Structures are given as structure tokens and as C-alpha cells.
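FYI, full-length UniProt numbering numbers position 17 of the sequence shown as 17, with every residue one higher than the one before it.
The beta-carbon is built from N, C-alpha and C at its ideal position, and this holds for glycine as well.
Since this is a predicted model, take the numbers as computed values, not measurements.
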Amino acid sequence: MANERSLILFKPDAVQRRLCGELLSRIEKRGLKIVGLKMLMVTKELSAQHYAEHVEKPFYPLLEEFITSGPVVALVVEGPEAISVMRTMMGSTNGRESDLGTIRGDFGLSRQMNLIHGSDGPEAAAREIPIYFRPEELIEYETTLAGWVCADD
Ligand code: IDP
């Protein structure tokens, strides 16, 4: 079982809809550890860097407009299989197709304004985390709860 880190964004719609506390609460209650946290504006340059695989796609101009439209909250979360755990919690890209119980399924109906980003694999996490955080902005610490949250394997 890999202890992983994942880059998470609460997108501008989550901030505007005042859902950051709800989303953060779900992540913390699940047992993942917050090791980095900040609010920032995504610039066009940052958007192109983050969404490099999408810049040539037809939906990119609207995605850029959306992601640069207001502040986002960026986090690095850490825990056992944190990347896939977060992807499952997030749900499908399109809120309309996302299962109830997931963040996107519970709070949205949009494919674009889908509240949250999470790295989709270890390579993506390794690429995305340094886009948003300098090494010294990520805090290494122990929590006494760790053994109570995941101790089966
Ligand atoms: P993901 O966020 O579920 O990993 P990706 O396919 O990596 O989905 O797409 C990145 C983001 O681009 C999505 O979260 C969504 O905001 C936006 N997006 C993806 N596909 C479309 C589309 O077909 N129309 C509009 N926006 C899209």
C-alpha cells in the first residue's frame, strides 16, 4: 500500500459557492492528511501548465476562462493510496453522470464546473504538486490518529 500525495484544487465554483469547508471536511474525515494548503488565482500561464494535455482541445478556451475566473484553493493531501482515494471521492468528470455520495455527484450538474481537481495518477501528482507548491510549503508532520484511520494492511 503506497503512501501517496495528490494535488487537489477546489475550483472557482467551489469557492464561489462556499463549499470549501464541506470539501475539506470530507477529505479530513476520510482520513487523509493535509500537508499543503493555499488560496491563489490561476493565471493563464499556470492554467496552460496545469492543463498541458488539454490546451489543444476544443473545450480548453472555456476551461481557461473558468479556472482563471476567481480564486482557487490548492491542497496537497497525503495518505495510503491518496490519489485513487481522492479520485473515487471526487466522482466522474461530469457531475450529471457522477454517483451520489461523490463530491461531483452531490454538488454539481456540470462537466466543466465540477468543483474539484485531483491528480489522476502518480506521474500527474509528481508533475502537478511543484506547479503549485514550493518544497518548503509542504509540511511533514505526524498525526496520532494515523494508526486509527488505516491499520489493516
Ligand atoms: P478530470 O478533472 O475528471 O480528471 P479531465 O478529463 O482531466 O477530467 O479534464 C480536466 C477538466 O477539464 C475537467 O475537470 C473539466 O473541468 C474540464 N473538462 C473536461 N472535459 C470537458 C468537456 O468536454 N467540456 C468542458 N470542460 C471539460
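Next item on the list: In the DSSP assignment, find the unbroken alpha helix (DSSP H) run with E4 in it and report its ends.
Entry: E4 -> not in any alpha helix (DSSP H); beta strand (DSSP E) instead, spanning N3 to F10.
Notebook entry, point to check: Around the Cβ of I103, are there at least 16 other Cβ atoms within 10 angstroms (buried) or fewer (exposed)?
Noted result: buried
Notebook entry, point to check: How is the beta strand (DSSP E) around I34 delimited, first residue to last?
Noted result: K33 to M41
Checklist line | Entirely enclosed beta strand (DSSP E) segments - the UniProt domain "Nucleoside diphosphate kinase-like" (3 to 140), minimum 3 residues | finding: Runs found: 3 to 10, 33 to 41, 71 to 80 and 116 to 118.
Item checked: R111 to R127 span [Cα, whole Å] -> 24 angstroms
Item checked: Exposure label - R5; buried when at least 16 CB within 10 Å -> buried
Item checked: Under the three-state DSSP convention, the category A151 falls into -> The DSSP-derived three-state label of A151 is coil.
Notebook entry, point to check: Which residues in the same chain have their Cβ closer than 7 angstroms to the Cβ of residue 154, if we skip the five residues on either side of it in sequence?
Noted result: Coverage of the chain is limited to positions 1 through 153, which leaves residue 154 absent and any answer about it impossible.
Note to self: Which residue wins for smallest C-alpha separation from L9, given the options A2, M1, V42 and G31?
What the structure shows: V42
Checklist line | Whole-angstrom distance between L37 and P7, CA atom to CA atom | finding: Residue 7 is actually Leu in this sequence, not Pro. Linking L7 to L37 through their CA atoms gives a straight-line distance of about 10 angstroms.
Next item on the list: Report yes if the CB atom of G91 is closer than 8 angstroms to the CB atom of V85, and no otherwise.
Entry: no
Item checked: Cut-off 7 angstroms between Cβ atoms - residues of its own chain near L138, not counting five sequence neighbours on either side -> V35, G36 and V76
Check: Nearest to E22 by alpha carbon, out of V73, Y132 and A146?
Finding: V73
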